[in-house]
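See structure below.
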Amino acid sequence: MMKKISVWTLCALLLAGCATNEKITGSGLLQSNFQTEVDSKKTDLYVLRNANNMEVCVMNFGGRIVSVMVPDKEGIMRDVVLGFDSIQDYITIPSDFGASIGRYANRINQGRFMLDSVEYILPRNNYGHCLHGGPKGFQYQVYDARQIGPQELELTYLAKDGEEGFPGNITCKVLMTLTDDNAIDIRYEAETDKPTIVNMTNHSYFNLDGDAGSNAEHLLMIDADYYTPVDSTFMTSGEIVPVEDTPMDFRSPVAVGTRINNFDFVQLKNGNGYDHNWVLNTKGDITCKCATLQSSKTGIILDVYTNEPGIQVYAGNFLDGTVKGKKGIIYNQRASVCLETQKYPDTPNKPEWPSAVLRPGEKYHSHCIFKFSVDK
């Protein structure tokens, strides 16, 4: 008997020793599952944690937010973004989950644009258009990462001249800071050696219920009197039209599912639901709230602030139940809401819209804040 106990004790000690070498996040992620090499560059998972025990996990492959743990109205910590448990899933399953998107977020018509009388041709990866910088955009590149402190992470990436057809060598920086008032403060910077276009954003799929169920009961507010309509290929027409008396009016909070299936309204038919850019009334004032998402189930509130002129709201219309995310949860259609602060879609081909042009000697700066709180 004593021999048997000693063996089990030894096994327990060995297991405990192994466990101490394995870092497990508050959201249950194993850091080792994110440590590999992609294109000869090392990847890892970085953990930010504030004084309130809120936790944000970020992977340098694609600059992706992998998990966000925030307290609900009962004080229970909930993971409120979609994603995967392992970098292998991010590599093998094409997705934008949590990514730092670039060089140009959203769509460019037919993958073509003119700049200083030169035409640039980009890969067409979405209904004949270039989406999110092409099939090898920043979300599939490895950023260089430097954890500045327990609440701050700096990601940098050098996109070379001609990469995915875009001009200019540009050095991009993404600075993520988790503040003690439960906000994820994201600042994007870029510099170039020749005229180019830049439009970066974060593509987190938020589900404030924390269980990746339907987004139908999430309350959404968007401070916008106008939006930019799209055709059946999701390309903006160039119009800016009022939200008044349409299902696009979120100036007062409305449940996402209330009107999303009203396909008699051509814009919802074209977008297969909400997948549109709203023209923000905040006009670049980072101190003004531009959108709010709220779960009545958990009481979690997400307020969004930005210096950008627009926000693309995507309601997970093309999630189809074929993808299993963290903890084996199946992601069905409309299991989330994306709130992507950015320039308007196809701005390079619409000179009357806010410019995305960056020239040598200038510095691109985009700022987004995702602030969490609780309605008790």
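Here the sequence shown stands for residues -21 to -1, 1 to 355, numbered as in mature numbering (1 follows the signal peptide of the UniProt record, and there is no 0).
We put the beta carbon where it would ideally sit given N, CA and C, even for glycine.
Fair warning: this is a prediction, and the values are worked out from it, not measured in the lab.
Residue i - DSSP class collapsed to helix/strand/coil
i: residue 341; result: coil
i: residue 284; result: strand
i: residue 53; result: coil
i: residue 142; result: helix
i: residue -4; result: With a pLDDT of 48 at residue -4, under the threshold of 50, the modelled position of that residue is not reliable, and no figure is offered here.
i: residue 21; result: strand
i: residue 117; result: helix
i: residue 221; result: strand
i: residue 98; result: strand
i: residue 328; result: helix
i: residue 13; result: helix
i: residue 212; result: coil
i: residue 175; result: strand
i: residue 192; result: coil
i: residue 207; result: strand
i: residue 60; result: strand
i: residue 336; result: strand
i: residue -16; result: Residue placement at residue -16 cannot be trusted, given a pLDDT of 36 that sits under 50; what the coordinates show is reported in the next sentence. If DSSP states are grouped into helix, strand and coil, residue -16 belongs with the helices.
i: residue -21; result: Residue confidence is low: residue -21 scores 33 on pLDDT, short of 50, so the model does not pin down where it sits. No coordinate-derived value is stated.
Short Cβ contact (7 Å threshold) for residue i with residue j
i: residue 273; j: residue 337; result: no
i: residue 157; j: residue 29; result: yes
i: residue 327; j: residue 219; result: no
i: residue 320; j: residue 180; result: yes
i: residue 40; j: residue 66; result: yes
i: residue 26; j: residue 79; result: no
i: residue 178; j: residue 322; result: yes
i: residue 209; j: residue 249; result: yes
i: residue 286; j: residue 207; result: no
i: residue 43; j: residue 77; result: yes
i: residue 254; j: residue 296; result: yes
i: residue 75; j: residue 118; result: yes
i: residue 13; j: residue 38; result: yes
i: residue 365; j: residue 101; result: The structure shown has nothing for residue 365, since the chain only spans -21 to 355.
i: residue 88; j: residue 264; result: no
i: residue 60; j: residue 183; result: yes
i: residue 277; j: residue 57; result: yes
i: residue 161; j: residue 351; result: yes
i: residue 205; j: residue 221; result: yes
i: residue 284; j: residue 305; result: no
i: residue 134; j: residue 122; result: yes
Opening and closing residue of the beta strand (DSSP E) in which residue i lies
i: residue 70; result: Per DSSP, residue 70 belongs to no beta strand (DSSP E); it is in the alpha helix (DSSP H), 66 to 71.
i: residue 321; result: 316 to 321
i: residue 272; result: 268 to 273
i: residue 37; result: 34 to 38
i: residue 201; result: 198 to 201
Enclosing alpha helix (DSSP H) for residue i [first to last residue]
i: residue 152; result: Note, residue 152: premise wrong, no alpha helix (DSSP H); beta strand (DSSP E) at 149 to 157.
i: residue 94; result: First-last for residue 94: 91 to 94, but that is the beta strand (DSSP E), not the alpha helix (DSSP H).
i: residue 249; result: 245 to 250
Beta-bridge partners of residue i, as assigned by DSSP
i: residue 350; result: 162, 282
i: residue 126; result: 132
i: residue 108; result: 105
i: residue 309; result: 303
i: residue 291; result: 256, 319
i: residue 167; result: 153, 345
i: residue 44; result: 37
i: residue 79; result: 181
i: residue 3; result: 9
i: residue 28; result: 34
i: residue 265; result: BP columns for residue 265 are empty, so no partner.
i: residue 234; result: 198
i: residue 137; result: 150
i: residue 87; result: 109
Proximity test, Cβ basis, 7 Å: residue i and chain B
i: residue 160; result: The structure shown contains no chain B; it holds only a single protein chain.
Item checked: Sufficient close CB pairs (3 or more, under 8 Å) joining the segment 164 to 183 to the segment 258 to 269 -> Output reads no: the segment 258 to 269 does not touch the segment 164 to 183.
Check: Taking one C-beta from the segment 188 to 196 and one from the segment 311 to 324 each time, how about it: are there three or more such pairs within less than 8 Å?
Finding: Pairwise C-beta distances place the segment 188 to 196 in contact with the segment 311 to 324, as three or more of them are shorter than 8 Å.
Note to self: Is it the case that the segment 47 to 59 contacts the segment 78 to 86, given that we only count it when at least three CB pairs across the two stretches are under 8 Å?
What the structure shows: Contact fails: fewer than three Cβ-Cβ distances are below 8 Å.
Check: Do three or more CB pairs link the segment 328 to 343 to the segment 220 to 237 at distances below 8 Å?
Finding: With the cut-off at 8 Å, the segment 328 to 343 and the segment 220 to 237 do not touch.
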